[in-house]
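Colleague: Chains as they are written, first to last, in my numbering: chain Z, 1 to 172; chain A, 1 to 172. Beta carbons are placed, not taken as given, at the ideal position from N, Cα and C, and that holds for glycine.
There are 2 protein chains.
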Amino acid sequence: MMSHGSVSELTELEGVALSVVARSGTMTAYGVKEVLAGSPSRFWSGSAGAVYPLMKRLTKRGLLSPSDTATGRRAATTYTLSPDGQRALRAWLSDVDKAVDPGIDPLRFRLLYLSLLNENEKQQFMSEVSQRLAEAIAAHPFPGGPDVFDNRNHQIWMKARRQAFEEAAREL
Amino acid sequence: MMSHGSVSELTELEGVALSVVARSGTMTAYGVKEVLAGSPSRFWSGSAGAVYPLMKRLTKRGLLSPSDTATGRRAATTYTLSPDGQRALRAWLSDVDKAVDPGIDPLRFRLLYLSLLNENEKQQFMSEVSQRLAEAIAAHPFPGGPDVFDNRNHQIWMKARRQAFEEAAREL
DNA sequence: GGATGCATGTAAAATGTTACATGATTTA
DNA sequence: TAAATCATGTAACATTTTACATGCATCC
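In structure tokens, the structure reads:
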């Protein structure tokens with residue numbers, strides 16, 4: 001049998017968290033939380049309750065190296081990637097199976113079931129979505145951080161989703 | 001203040017579950033589980049431990065009406081949408097804010113952080129992803145059920161993602 | 001009639017959300 | 001210097017995963 005887990009597999013949240021740390025070189029839990037909170041997606045809550053424990057778990061797994069950076073009399077921890085963390089991140093980033101997974105797209109789900117609405121509701125929905133997508137594409141800087149959820153990347157994805165939306169609409 | 005919650009808001013999982021029931025008119029927890037398990041996305045686990053309790057919660061919230069359909073001596077419950085369930089589902093389906101949310105796209109995240117890999121790794125990744133996307137688009141019937149995660153819809157979305165991928169690649 | 005798979009769940013553990021607490025720092 | 005905001009967490013609760021248990025049907 002192939003050795004299945006020389007590096008531990010990461011969830012999307014874990015992978016993104018490690019990426020954020022790696023990109024900066026060093027980062028606190030708060031910093032990671034802020035980046036996530038700046039995401040255009042509501043699926044990244046960026047809540048303290050999610051992120052602080054996450055960083056602890058990744059530390060316990062040996063993927064992050066904490067250092068105590070208390071300022072004044074206040075406790076604080078800054079993290080860097082350990083060598084194992086770097087390996088795990090590389091494995092996550094280049095995981096093609098995960099990459100091609102369609103993930104979760106709320107628009108896709110709705111188009112799949114839109115026939116459950118009546119004609120009026122459908123029309124209304126399609127027209128509002130169309131408008132909102134156009135706005136999202138036009139809006140250069142969306143509110144939030146420029147790091148993970150980089151504007152340009154966001155725009156590219158929104159354009160692709162609009163295309164899917166229009167194609168699906170044609171077949172509705 | 002506006003009455004904020006005459007119908008309870010649904011998560012994506014809840015919305016999809018109600019949609020599956022609504023489309024069939026009637027369905028067991030097992031049926032819903034099977035549809036979810038047939039999804040191309042790993043984010044829908046379709047595990048019994050997720051679905052059976054979910055159906056109970058939706059029942060408790062008054063959105064599903066259970067009926068006892070024991071066959072022989074074995075307990076079984078089939079569900080239909082209650083009037084409140086229908087309203088909640090309509091509200092979910094036509095929720096434009098949720099619809100435009102980018103959701104979770106594993107490919108998007110990876111392209112965002114791909115610069116953390118070295119040139120070789122990047123090349124390898126891009127070429128493999130490209131191939132896998134092409135395969136996914138060409139493959140007419142993907143393994144799994146034809147209901148929620150309808151082939152045609154899946155294909156449209158994969159095409160859109162390939163376009164985003166190519167555009168992002170050009171700017172890498 | 002034993003093995004295999006379908007159908008219906010539950011239990012323990014992990015993860016994530018919401019809400020709170022509290023120390024430090026900036027701002028009015 | 002009081003109020004607001006930033007930063008660092010924890011606690012209770014809800015949800016989800018993983019793993020197990022078990023009854024019925026079918027097929028070999």
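Indicate the three-state DSSP secondary structure (helix, strand or coil) for P102 of chain A in the structure shown.
Modeller: Counted from its first residue, the second sequence places residue 102 of chain A at position 102. P102 of chain A: coil per DSSP, three-state reduction.
Colleague: Strictly below 7 Å CB to CB, what residues from chain A border I186 of chain Z?
Modeller: In the structure as shown, chain Z starts at 1 and stops at 172, and residue 186 of chain Z therefore has no counterpart that could be examined.
Colleague: Are the beta-carbon atoms belonging to L54 of chain A and S82 of chain A less than 8 Å from one another?
Modeller: Within the second sequence, numbered from 1, the residue matching residue 54 of chain A stands at position 54. Within the second sequence, numbered from 1, the residue matching residue 82 of chain A stands at position 82. Against a cut-off of 8 Å, the Cβ pair of S82 of chain A and L54 of chain A comes out as no contact.
Colleague: Could you tell me whether the region 87-96 of chain Z touches the region 111-119 of chain A, using the rule of 3 or more Cβ pairs below 8 Å?
Modeller: yes
Colleague: Taking Cβ positions only, does Y79 of chain A come closer than 8 Å to chain Z?
Modeller: Along the second sequence, one-based indexing puts residue 79 of chain A at 79. Y79 of chain A does not count as touching chain Z.
Colleague: Please look up how many angstroms separate the CB atoms of V21 of chain A and V32 of chain A, rounded, as I've assumed it's under 8 Å.
Modeller: As a first step, residue 21 of chain A is located in the second sequence; it is residue number 21 there, counting from the start. As a first step, residue 32 of chain A is located in the second sequence; it is residue number 32 there, counting from the start. About 7 Å; that satisfies the 8 Å criterion.
Colleague: Tell me, to the nearest whole angstrom, how far the beta carbon of S94 of chain Z is from that of Q86 of chain A; I am working on the premise that it is less than 8 Å.
Modeller: Looking up residue 94 of chain Z in the first sequence gives position 94. Looking up residue 86 of chain A in the second sequence gives position 86. S94 of chain Z to Q86 of chain A, Cβ: 45 Å. No contact.
Colleague: Span of the alpha helix (DSSP H) holding L117 of chain A?
Modeller: Translated into the one-based positions of the second sequence, residue 117 of chain A becomes position 117. For L117 of chain A, no alpha helix (DSSP H) segment is defined, and its DSSP state is neither H nor E.
Colleague: What in chain Z is Cβ-close to N153 of chain A, meaning under 7 Å?
Modeller: The sequence position of residue 153 of chain A within the second sequence is 153, counting from 1. Result: R108, L111, L112 and A168.
Colleague: Flag I156 of chain Z as yes if its beta-carbon sits less than 8 Å from any beta-carbon of chain A, otherwise no.
Modeller: In the first sequence, the residue the question calls residue 156 of chain Z occupies position 156. Judged by the 8 Å Cβ criterion, I156 of chain Z is in contact with chain A.
Colleague: With respect to the alpha helix (DSSP H) encompassing D84 of chain A, which residues constitute its N-terminal and C-terminal limits?
Modeller: Within the second sequence, residue 84 of chain A is the residue found at index 84, counting from 1. Taken as a continuous stretch (DSSP letters only), the alpha helix (DSSP H) holding D84 of chain A covers P83 to L93.
Colleague: Curious, which full-length beta strand (DSSP E) runs of at least 3 residues does the region 13-88 of chain A contain?
Modeller: 64-68 and 77-81
Colleague: Nearest-angstrom Cα distance between E104 of chain A and A136 of chain A?
Modeller: Stepping through the second sequence from its first residue, residue 104 of chain A is reached at position 104. Stepping through the second sequence from its first residue, residue 136 of chain A is reached at position 136. The question names Glu, but residue 104 of chain A is Ile in the sequence shown. About 19 Å.
Colleague: What span of residues does the alpha helix (DSSP H) with A139 of chain Z cover, start to end?
Modeller: Within the first sequence, the letter at position 139 stands for residue 139 of chain Z. Neither: A139 of chain Z is in no alpha helix (DSSP H) and is coded neither H nor E.
Colleague: Measuring only the C-alpha atoms, how far is Y79 of chain Z from T26 of chain Z?
Modeller: By 1-based counting over the first sequence, the position of residue 79 of chain Z is 79. By 1-based counting over the first sequence, the position of residue 26 of chain Z is 26. The alpha-carbon atoms of Y79 of chain Z and T26 of chain Z are separated by roughly 6 Å.
Colleague: Name the residues in the region 18-30 of chain A whose C-beta lies less than 8 Å from a C-beta of chain Z; which are they?
Modeller: S19, A22 and R23
Colleague: Return helix, strand or coil for L112 of chain Z, following the three-state DSSP convention.
Modeller: Taking the first residue of the first sequence as 1, we reach residue 112 of chain Z at position 112. If DSSP states are grouped into helix, strand and coil, L112 of chain Z belongs with the helices.
Colleague: Nearest to R108 of chain Z by alpha carbon, out of Z:R61, Z:V96, Z:G49 and Z:M126?
Modeller: Translated into positions along the first sequence, residue 108 of chain Z becomes position 108. Out of Z:R61, Z:V96, Z:G49 and Z:M126, Z:M126 has the C-alpha closest to the C-alpha of R108 of chain Z.
Colleague: Keeping to the same chain, check which residues put their C-beta closer than 7 Å to that of F43 of chain Z; ignore five residues upstream and five downstream.
Modeller: For this step, residue 43 of chain Z is matched to residue 43 along the first sequence. So the qualifying residues of the chain are I104.
Colleague: Leaving out five residues on either side along the sequence, give the residues of the same chain with a beta carbon under 8 Å from the beta carbon of F165 of chain Z.
Modeller: Residue 165 of chain Z sits at position 165 when you count from the first residue of the first sequence. Once the five neighbours on either side are set aside, the close Cβ partners of F165 of chain Z are L107, L111, V129, S130 and L133.
Colleague: Have a look at A37 of chain A and K56 of chain A and give me their C-alpha separation to the nearest angstrom.
Modeller: Position 37 of the second sequence, counted from the start, is the residue given in the question as residue 37 of chain A. Position 56 of the second sequence, counted from the start, is the residue given in the question as residue 56 of chain A. Taking the straight line joining both Cα atoms gives about 19 Å.
Colleague: Taking one C-beta from the region 67-75 of chain A and one from the region 8-16 of chain A each time, how about it: are there three or more such pairs within less than 8 Å?
Modeller: They do not touch, by the three-pair rule.
Colleague: Leaving out five residues before and five after A48 of chain Z in sequence, what residues of the same chain have Cβ atoms less than 7 Å from its Cβ?
Modeller: For this step, residue 48 of chain Z is matched to residue 48 along the first sequence. Excluding positions up to five away in sequence, the list reads K33.
Colleague: By how many angstroms is the C-alpha of Q155 of chain Z removed from the C-alpha of R170 of chain A?
Modeller: Start at 1 with the first residue of the second sequence, and residue 170 of chain A comes out as number 170. Start at 1 with the first residue of the first sequence, and residue 155 of chain Z comes out as number 155. C-alpha separation (whole angstroms): 14 Å.
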